[in-house]
Amino acid sequence: MNRFIIDMDPGTDDALALIIALNSINLDLIGVTTVGGNARLLHTTRNAVSLLTFLGAQDVPVAMGASSPIYGSFTYAYHFHGTNGLGLQLPNPSTKTVQTKAVDFMVEAAKGVASPIKIVALGPLTNIAMAIEADPYLIDSIEEIIVMGGAVECQGNITEYAEFNIYNDPWAANIVFNSGVPVTLVGLDVTMKVALSEWDLLFTGDGKGQRLARQVLGNWSTMHPGSVYHMHDPLAVLAAIDHSPFSYHAGKVSVVTTGEERGRTIFLQETGPVRVAVDVDVQLALNTISSLLNSDPGS
Ligand code: BDR
Ligand code: CA
1325 MNRFIIDMDP GTDDALALII ALNSINLDLI GVTTVGGNAR LLHTTRNAVS
1375 LLTFLGAQDV PVAMGASSPI YGSFTYAYHF HGTNGLGLQL PNPSTKTVQT
1425 KAVDFMVEAA KGVASPIKIV ALGPLTNIAM AIEADPYLID SIEEIIVMGG
1475 AVECQGNITE YAEFNIYNDP WAANIVFNSG VPVTLVGLDV TMKVALSEWD
1525 LLFTGDGKGQ RLARQVLGNW STMHPGSVYH MHDPLAVLAA IDHSPFSYHA
1575 GKVSVVTTGE ERGRTIFLQE TGPVRVAVDV DVQLALNTIS SLLNSDPGS
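If you want this note's numbering, it's the 1-based position in the sequence shown plus 1324.
Written out as structure tokens, the structure is:
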């Protein structure tokens, strides 16, 4: 089983991704690190702790990360995800206190273990870039970073050119993509293909994860009537579990940091440490997500 850290900014789709990760028998989730993005860091951190508590995973440590990108400040997405970044009032988190910083958590988690860790990045890449800069040896201890981010051949979702996570910290993205660590980029090129207009058939049971997913999506659709929901972050977790629904091209990715193209991901197909998801078997992806959402033993 692979040891994983999830770096996240929950976020409605981050919440769905977390349910899937906790339900997968192939992921050993050793910690969650938080970053600002969809909402302020205090909101995303509180959401992460509340979600883990609700899902019965209060033992998973949470470490708080960056409240701003390497330069400037984050653009938030409350209008899309709702009040507090989730649009839900979850029960108060348990007594868990968040003591370690995200960068320290990543560096410590990678030290002294026989097998390298994997990181799934579901928000801006600030924490991961800062950890790589803080400890140059970290790159040898990370087997793969699976990133929800980027828009190579398609339009962006925050600007015409840029996907939200990469736009929010393009400098961090460049550090991560140039670090030499194998990176898998699951961006809008594939996530925009996996859209839900109804989800009754996706999860049928009454476990905690299924109830939470139903609440998240129900609440979101009340806020955005008639819109379809894209499974951005769940697809990145899916790629961390099973690459088979995806087709990839390998190469190098550089990110525009200034001007109207800020956050644009430019892909050069050649030998390189980054592989970009260029296509997805939509039905296979949805079936696997559905079975993971439904494998919640729950109650
Ligand atoms: C990404 O932006 C965020 O709003 C989502 O949580 C996802 O990580 C999609 O562009
Ligand atoms: Ca996210």
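Note that CB positions come from ideal geometry on N, CA and C, so glycine has one too.
Given residue i as reference, the closest of the options once Cα atoms are compared
i, options, result
"Val-1444", "Ile-1470, Pro-1460, Ala-1458 and Ile-1456", "Ile-1470"
"Tyr-1395", "Ile-1463, Leu-1342, Leu-1414 and Asp-1493", "Asp-1493"
"Met-1283", "Leu-1509, Leu-1446, Asp-1464 and Glu-1467", "One cannot answer for residue 1283 here, as it falls past the ends of the chain, which runs 1325 to 1623."
"Asp-1338", "Ala-1496, Pro-1393, Ala-1401 and Met-1325", "Ala-1401"
"Gly-1335", "Ile-1343, Ser-1465, Met-1430 and Leu-1410", "Leu-1410"
"Val-1552", "Ser-1568, Trp-1523 and Val-1579", "Trp-1523"
"Thr-1508", "Thr-1407, Gly-1596 and Val-1359", "Gly-1596"
"Pro-1506", "Thr-1483, Glu-1467 and Asp-1557", "Glu-1467"
"Thr-1357", "Thr-1424, Ser-1439 and Glu-1487", "Thr-1424"
Chain-order list of residues whose beta-carbon lies under 6 Å from that of residue i (same chain, five-residue window excluded)
i, result
"Gln-1479", "none"
"Phe-1591", "Val-1476, Gly-1575, Val-1577 and Val-1600"
"Phe-1527", "Gln-1534, Ala-1537, Leu-1617 and Asn-1618"
"Asn-1611", "none"
As assigned by DSSP and simplified to three states, the class of residue i
i, result
"Ala-1609", "helix"
"Thr-1297", "Outside the displayed span of the chain (1325 to 1623) sits residue 1297, for which this structure offers no information."
"Asn-1284", "In the structure as shown, the chain starts at 1325 and stops at 1623, and residue 1284 therefore has no counterpart that could be examined."
"Tyr-1572", "strand"
"Gly-1504", "coil"
"Leu-1509", "strand"
Element boundaries [alpha helix (DSSP H), containing residue i]
i, result
"Ile-1466", "Here Ile-1466 belongs to no alpha helix (DSSP H); instead the beta strand (DSSP E) covers 1466–1472."
"Asp-1338", "1336–1347"
"Ala-1601", "Unbroken run through Ala-1601 is the beta strand (DSSP E), 1598–1604; no alpha helix (DSSP H)."
"Asp-1557", "1556–1565"
"Gly-1542", "1532–1547"
Boundaries of the beta strand (DSSP E) in which residue i is found, first to last residue
i, result
"Val-1476", "Premise fails: Val-1476 is in no beta strand (DSSP E) and is neither H nor E."
Neighbourhood of residue i by C-beta, 8 Å cutoff - its chain only, sequence neighbours within 5 removed
i, result
"Val-1427", "Gly-1389, Asn-1451, Met-1454, Ala-1455 and Ala-1458"
- contact_flag[the stretch 1605–1620, the stretch 1530–1537] where n(CB pairs < 8 Å) is 3 or more: The stretch 1605–1620, when compared against the stretch 1530–1537, does touch it at the 8 Å Cβ threshold.
- At a cut of 8 Å, does the stretch 1475–1490 reach the stretch 1371–1389 through at least three beta carbon pairs? No, they do not touch.
- State whether the stretch 1448–1457 contacts the stretch 1368–1376, with contact taken as three or more CB pairs (one from each stretch) at a distance under 8 Å. Cβ pair count under 8 Å is below three, so no.
- Count the C-beta pairs between the stretch 1557–1569 and the stretch 1429–1439 that are closer than 8 Å, then say yes if the count reaches three, no if not. With a cut-off of 8 Å, the stretch 1429–1439 and the stretch 1557–1569 do not count as touching, because too few Cβ pairs lie within range.
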